[in-house]
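A.B. asks: Please see the structure below; I have some questions.
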Amino acid sequence: MPSSFRKSLSRLLTQQKRWEKRMSRVATASRAVLAFQADTLSAFARPVAPPRLTEITGFGTNPGRLKMFAYVPQNLPRHAPLVVVLHGCRQNAEDYERGAGWTHMARERGFALLFAEQRRANNPNVCFNWFRPSNVTRDRGEVGSIRQMITRMVALYKLDRRRIFITGLSAGGAMTAAMISAYPELFAGAGIIAGLPFGAARDVSRAIDAMRAPPQRTAEEWGDLVRKATGKPLPKRLPTVSIWHGTDDRTVTFANAEALLAQWRDVHGLSAEAGRTEKVDGHQRTVWADAKGQPRVTLYRIEGMDHGTPLKAGTGPRAREIAGDYMLDAGISSTRHLADAWGLKKPTLAAVLSPGR
881 MPSSFRKSLS
891 RLLTQQKRWE
901 KRMSRVATAS
911 RAVLAFQADT
921 LSAFARPVAP
931 PRLTEITGFG
941 TNPGRLKMFA
951 YVPQNLPRHA
961 PLVVVLHGCR
971 QNAEDYERGA
981 GWTHMARERG
991 FALLFAEQRR
1001 ANNPNVCFNW
1011 FRPSNVTRDR
1021 GEVGSIRQMI
1031 TRMVALYKLD
1041 RRRIFITGLS
1051 AGGAMTAAMI
1061 SAYPELFAGA
1071 GIIAGLPFGA
1081 ARDVSRAIDA
1091 MRAPPQRTAE
1101 EWGDLVRKAT
1111 GKPLPKRLPT
1121 VSIWHGTDDR
1131 TVTFANAEAL
1141 LAQWRDVHGL
1151 SAEAGRTEKV
1161 DGHQRTVWAD
1171 AKGQPRVTLY
1181 RIEGMDHGTP
1191 LKAGTGPRAR
1201 EIAGDYMLDA
1211 GISSTRHLAD
1221 AWGLKKPTLA
1231 AVLSPGR
């Protein structure tokens, strides 16, 4: 066999081996791409299960005998915000979270969550005891327990003390009003949903009466209850207050939203005539701003809604907000609007990390 032919044959065999190796790599890459696409499609088809809350014990003396739960996204930066969430009567922390979708929001935008939970031993309907002076006086009872939980969360996760927010529904909304009255220096903002003004009642009987019709007081009288709550002058920085209430609420009437509005407009020194009204997601929103044009008090009037938290609920497997008892599809997301108003807009990719880190 001539040497030139042998060399040509050798080159052809070498080229064939290289081509086979390349084709093998292409086939391997193609299989990987197909597998990735299949996994991705499968992930999008799966329902979004709400992340589990983690109970934290030993957070203090716990004078109100409450339970503490937390959700903390992984890779949460130092000095991240904190949102405190208070459920309504006949609910627990996970019930409220399942509907409102706060953990999904925390994971997307990068903040920590604290859920206080009532015990049936404290209240047969597991309502926060917003109407008992022993539970709404600074550093006592249930407000004292929630304050200790916040202290624990801030220390444990190095959170931003200037960006602590609180929200609650019904009895949780009334307790939210109590928290920002007892600790106005602690909070940057509050969302009170179907709640009552601070000082509306001092026992069970008057609480039931107040839910139907709050006591007749002037705006200044309502404001004085807040000014006297701490026993010292109010701080220069007061929490912003966002009030959400259904016009057809048969459990806590809309008159309570108007009393809350009078209370916090007076505390902020805002006139009733200074409000600016607009339509948002089909509902009326009125905003009272300070001299610098910054919103301080906001009222969301949810037309036709009964007692509950207004949601923009989904029905598919990727739904973040789910309608249910006291969690009502009103076409507007109180969760998202509160997060936006509080400046919780930083996107983040994070997974659940147990508070034991």
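At position 220 of the sequence shown (counting the first as 1) the number is 1100 in our numbering, and the numbers step up by one without a gap.
Glycine residues also receive a C-beta, built at the ideal position from the N, C-alpha and C atoms.
All of these numbers come straight from a predicted model, not from anything done at the bench.
I'd like to know whether the C-beta atoms of PRO943 and SER1061 end up nearer to each other than 7 Å.
C.D. replies: Their beta carbons are not under 7 Å apart, which means PRO943 does not touch SER1061 by this criterion.
A.B. asks: For GLY1071 and PHE995, I'd like the C-alpha separation in whole angstroms.
C.D. replies: C-alpha separation (whole angstroms): 14 Å.
A.B. asks: How close, in whole Å, do the beta carbons of ALA1139 and TRP1102 come, if the pair is a contact with beta carbons under 8 Å?
C.D. replies: Yes, ALA1139 and TRP1102 are in contact; Cβ-Cβ is about 6 Å, under 8 Å.
A.B. asks: On the DSSP letters alone, give me the boundaries of the alpha helix (DSSP H) that THR1215 sits inside.
C.D. replies: That run of the alpha helix (DSSP H) goes 1214-1221.
A.B. asks: I'd like the list of long-range same chain contacts for LYS1225, defined as Cβ closer than 7 Å, with 5 residues on each side in sequence excluded.
C.D. replies: Excluding positions up to five away in sequence, the list reads ARG989.
A.B. asks: Would you mind stating whether THR1110 and ARG1018 have Cβ atoms separated by less than 7 Å?
C.D. replies: A contact, by the Cβ cut-off of 7 Å.
A.B. asks: According to DSSP, SER1122 sits in a beta bridge with which residue or residues?
C.D. replies: Bridge partners of SER1122: GLY1071 and THR1178.
A.B. asks: Please state whether DSSP places ALA1169 in a helix, a strand or coil.
C.D. replies: Reduced to three states, the DSSP call for ALA1169 is strand.
A.B. asks: Once the 5 residues before and after ALA1080 are set aside, which same chain residues still bring their CB inside 6 Å of it?
C.D. replies: The residues are ALA1090 and PRO1094.
A.B. asks: Please report the Cβ distance between LEU946 and GLU1065, rounded to the nearest whole angstrom; I am assuming they are in contact, meaning their Cβ atoms lie under 8 Å.
C.D. replies: In fact, because the Cβ distance is near 22 Å, the residues do not count as touching under 8 Å.
A.B. asks: Quick check on GLU1100: does DSSP put it in helix, strand or coil?
C.D. replies: GLU1100: helix per DSSP, three-state reduction.
A.B. asks: With the cut-off set at 7 Å, would you say GLU1156 and VAL1167 are in Cβ contact?
C.D. replies: Before going on, a small fix: residue 1156 reads as Arg here, not Glu. Going by C-beta atoms, ARG1156 is nearer than 7 Å to VAL1167.
A.B. asks: From the DSSP output, read off the bridge partner residues of ILE1202.
C.D. replies: According to DSSP, ILE1202 bridges with nothing at all.
A.B. asks: Mind checking PRO1013: buried by the 16 CB within 10 Å criterion, or exposed?
C.D. replies: Under this definition PRO1013 is an exposed residue.
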